[in-house]
Ligand SMILES: [Zn+2]
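Numbering (this note's numbering), first residue to last: 1 to 91.
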């Protein structure tokens, strides 16, 4: 699931930041290449770390690599390139 977390950033102080959380262990997914998005026939999307987390849940019929899923999602929302309204900072 995608949720907002309040993060204390080194350069910009406290900021609301969107993160993808694993639908099994509920931890942040911090390496999209090591995670997947799955979905069912109704279009419900779930996100999992690859491995133990993805194997622990009932399988959905469809899946893709999380990095590809997020790229397609952004593209389908009209994002043509990475857009940040602020300088990129370490969180
Ligand atoms: Zn997980």
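Just so you know, even glycine gets a beta-carbon here, dropped at the ideal spot from N, CA and C.
Quick caveat, the model's predicted, so the values are computed rather than measured.
Candidates 2, 60, 38: closest to residue 21 by CA position: By 1-based counting over the chain shown, the position of residue 21 is 21. Of 2, 60, 38, the residue nearest in Cα terms is 2.
Cβ-based burial, residue 27 [other Cβ within 10 Å; buried from 16]: Within the chain shown, the letter at position 27 stands for residue 27. Residue 27 should be labelled exposed.
Can you tell which of 76, 47, 40, 23 has its C-alpha closest to the C-alpha of residue 32? Counting from one through the chain shown, the residue named residue 32 turns up at place 32. Checking every option, the nearest Cα to that of residue 32 belongs to 47.
Where are the beta strand (DSSP E) runs, 3 residues long or more, that stay fully inside the stretch 39–73, in chain order? 45–49, 62–65
Under 8 Å by Cβ, that's how I've got residue 36 and residue 82 pegged, so tell me the actual separation to the nearest angstrom. Taking the first residue of the chain shown as 1, we reach residue 36 at position 36. Taking the first residue of the chain shown as 1, we reach residue 82 at position 82. The Cβ separation is near 22 Å, so there is no contact.
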